[in-house]
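Participant:
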């Protein structure tokens with residue numbers, strides 16, 4: 001006979017061999033009024049029912065705790081993913097910064113080469129200018145010598161002209 005039939009028959013109560021079966025039924029079939037019927041049978045069964053309810057609550061609390069842990073794990077996963085994305089973005093940003101720095105370095109190197117070429121060009125221009133200056137100075141000296149020679153010749157010529165004028169006069 002089932003525990004439910006024995007209860008209805010009234011010949012046995014739950015304490016006389018149906019406790020194991022009743023426990024199974026409480027856990028399995030609380031929605032069919034078993035809890036209410038067994039509660040009427042006495043305090044012992046209510047304790048059993050309360051124990052089952054407590055086990056149910058513990059199970060529910062465990063489920064809530066597990067769900068909370070799941071949420072924490074999910075939040076952690078999302079946070080970890082976010083951290084990973086930040087790290088990835090940082091890595092890409094760092095790589096970009098490195099490329100900018102590399103481009104700057106190459107640009108700076110190019111500027112240095114231009115400056116070096118300019119310096120060499122300026123040095124070459126300076127040498128040309130110096131050569132010109134030396135040439136100009138040489139030309140000036142030639143012109144000065146020519147001027148001094150012309151002046152000497154002019155002076156000689158001037159004296160000659162005066163003499164000629166005196167002769168003419």
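In UniProt numbering, the protein residues as written are 1 to 169. Even glycine gets a Cβ: it sits at the ideal position worked out from N, Cα and C. No experiment lies behind these values; they were computed from the predicted model shown.
What's the gap between the Cα of residue 106 and the Cα of residue 73?
Facilitator: As a working mapping, residue 106 is identified with position 106 in the chain shown. As a working mapping, residue 73 is identified with position 73 in the chain shown. For residue 106 and residue 73, the distance between alpha carbons rounds to 47 Å.
Participant: Quick one: residues in its chain with C-beta nearer than 6 Å to the C-beta of residue 59, no 5 flanking neighbours on either side, listed in chain order?
Facilitator: Taking the first residue of the chain shown as 1, we reach residue 59 at position 59. Around residue 59: no qualifying Cβ.
Participant: Going straight from the alpha carbon of residue 146 to that of residue 123, what length do you get?
Facilitator: Sequence index remark: in the chain shown, residue 146 carries index 146 (1-based). Sequence index remark: in the chain shown, residue 123 carries index 123 (1-based). The alpha-carbon atoms of residue 146 and residue 123 are separated by roughly 33 Å.
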